[in-house]
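For reference, the structure is listed below as structure tokens.
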Amino acid sequence: MKNRISFRVSDDLSKQISDAASKSAQSKSSFIRSCIQKDLAIRQFRSLRAQMMPIAEKNGFLTDEDVFRVVS
């Protein structure tokens, strides 16, 4: 089921959205959906990372290089 959400934005933000959507050959709705999906994915990643960091540190994974060394 599709849901409709309405919200107000400033004239400046509306212009930025229109310009960016145009450049990416998307409708404004599609562009906004994509932006929201990306933002939610980033938030989920950061949340999972924050949960896993203490476990990783206990196991000696302090940097990205530590992880790459094990998986490479």
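Heads up: the sequence shown begins at 42 in our numbering, then just goes up one per residue. Beta carbons are placed, not taken as given, at the ideal position from N, Cα and C, and that holds for glycine.
Query raised in the report: Roughly how many whole angstroms lie between the Cα atoms of I77 and D53?
Result: 19 Å
Requested in this report: Alpha carbon to alpha carbon, how far is V50 from A61? Give it in angstroms, no decimals.
Outcome: 15 Å
Query raised in the report: Taking just the CA atoms, how far does E98 sit from L89?
Result: 14 Å
Requested in this report: Please state whether DSSP places R90 in a helix, a strand or coil.
Outcome: helix
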